[in-house]
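Structure first, then comments.
Numbering (the numbering used here), first residue to last: 1 to 343.
So this is what it looks like as structure tokens:
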């Protein structure tokens with residue numbers, strides 16, 4: 001079992017996995033990662049199961065001391081990661097050793113990064129998930145955001161370093177994050193609660209992300225969307241990406257920590273593959289909505305799943321030993337041995 005130590009937690013650093021499914025009927029939110037694509041790819045790049053727990057970092061990244069040699073991958077928004085003061089690449093596996101310091105700088109794009117460790121983060125599961133839901137203080141490490149001095153257990157890198165592969169995501173699959181975001185939506189389930197003018201406004205207007213945005217939901221501001229007879233309904237279930245429209249006409253996008261049910265009309269739902277775009281949106285970013293059919297959404301999702309299958313097969317390019325440094329263990333002690341070509 002390896003360890004990492006949180007020297008500075010940053011703004012909001014959480015342990016998350018795919019989420020806590022099957023308990024919404026009891027009022028327990030799903031939680032889990034905000035950006036599912038970045039989560040899956042980070043784990044693939046270090047050879048983990050796609051659903052392994054990792055660190056979700058928001059806006060201002062942490063400073064982490066590496067207590068044991070391992071392999072990491074950082075995906076998602078670019079928060080300028082560095083190792084021992086030197087910039088490191090994203091979307092590929094990186095060898096780290098005992099004593100290394102991982103940190104982050106300024107935001108270049110997006111707002112959330114994901115840090116996966118080979119072997120995953122070892123955390124007690126609550127209702128089948130290690131995800132942190134801060135409001136209920138469940139999951140993760142003590143149910144909250146990480147703090148200075150926290151020690152987190154991670155999996156060990158294999159003793160035989162030569163068996164650990166270097167993986168890199170091909171450039172064509174790396175997302176680009178913009179300040180102007182178009183997301184595709186499926187209308188409903190209460191789109192008939194809006195006037196024709198209201199629907200037109202929704203699909204033709206630009207909405208700005210306000211400062212009231214967090215893991216529960218994003219409040220937007222822009223052209224008011226007109227109801228036929230108010231925005232209240234009998235409470236029903238809420239999906240990730242559901243777009244609520246209260247009586248004031250301003251949209252609210254429901255995110256990973258959303259409540260399980262709500263009593264505002266839902267004009268549409270963002271399609272699955274566009275949820276990561278919203279997860280990387282910051283206050284001030286602008287969002288527009290484009291209507292698609294459920295059949296288009298299913299086709300697009302199938303294409304992404306096929307891409308991920310291809311990535312899993314083809315992203316292994318060479319041995320991580322290319323770094324010319326070998327972790328050697330003798331009698332329980334670790335030695336970093338540099339290899340030089342001679343002759």
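For glycine and all other residues, C-beta sits at the position ideal for the given N, C-alpha and C. No experiment lies behind these values; they were computed from the predicted model shown.
Here the alpha carbon of residue 252 sits roughly 33 Å from the alpha carbon of residue 148.
In this structure the stretch 112 to 128 touches the stretch 31 to 49; the number of beta carbon pairs closer than 8 Å is three or more. Judged by DSSP in its simplified three-state form, residue 125 adopts coil rather than helix or strand. Boundaries for residue 82: no alpha helix (DSSP H) harbours it, while the beta strand (DSSP E) harbouring it runs 81 to 83, taken from the DSSP string.
In this structure residue 67 touches residue 4 by the C-beta definition: roughly 6 Å separates them, less than 8 Å. Residue nearest to residue 311 within the set 81, 104, 174 and 136 is 174 (criterion: CA-CA distance). Between the C-alpha atoms of residue 296 and residue 80 there is a straight-line separation of about 35 Å. Counting C-beta atoms within 10 angstroms of its own C-beta, residue 56 has 16 or more neighbours from the protein chains shown and is therefore classed as buried.
The three-state reading of DSSP puts residue 37 in helix, counting H, G and I together. For residue 203, the enclosing alpha helix (DSSP H) stretches over residues 196 to 204.
Pairing residue 15 with residue 140 gives a Cβ-Cβ distance under 8 Å.
Closest in alpha carbon position to residue 131, among 2, 11, 215 and 268, is 215. Secondary structure of residue 285 (DSSP, three-state): coil.
Residue pairing for residue 172: DSSP places it in no beta bridge. Two segments are said to touch when three or more pairs of C-beta atoms, one from each, lie closer than 8 Å; by this definition the stretch 284 to 304 touches the stretch 171 to 191. Under DSSP, residue 117 shares a beta bridge with 72. Annotation: the continuous beta strand (DSSP E) that includes residue 167 extends over 165 to 167.
The criterion of a C-beta distance shorter than 8 Å is satisfied by residue 63 and residue 8.
In the three-state reduction of the DSSP assignment, residue 95 falls in the strand class. Of the residues 82, 92 and 84, the one whose Cα lies closest to the Cα of residue 72 is 92. Between the alpha carbons of residue 171 and residue 26 lies a distance of about 42 Å.
Between the beta-carbon of residue 224 and that of residue 248 there is about 7 Å, and that keeps the pair under the 8 Å contact cut. Between residue 40 and residue 77, the C-beta gap is not smaller than 8 Å, which leaves the two residues out of contact.
By a beta-carbon distance limit of 8 Å, residue 265 does not contact residue 238. Their separation comes to about 12 Å.
For residue 313, the enclosing alpha helix (DSSP H) covers residues 294 to 314. In the structure shown, the three-state DSSP call for residue 236 is strand. A Cβ-Cβ separation of about 14 Å leaves residue 13 out of contact with residue 42 under the 8 Å criterion. Counting along the chain, residue 141 sits inside no beta strand (DSSP E), nor does DSSP assign it H or E at all. Short of 6 Å from the beta carbon of residue 103, and not among the five residues preceding or following it, lie these beta carbons of its own chain, in chain order: 63 and 82. Straight-line spacing of the CA atoms in residue 167 and residue 125 works out to 28 Å. Contact between residue 284 and residue 208 holds, with the beta-carbon distance rounding to 7 Å and staying under 8 Å. DSSP, read as helix, strand or coil, puts residue 134 in helix. Comparing C-alpha distances from residue 204 to each of 96, 286, 169 and 105 shows the shortest one belongs to 286.
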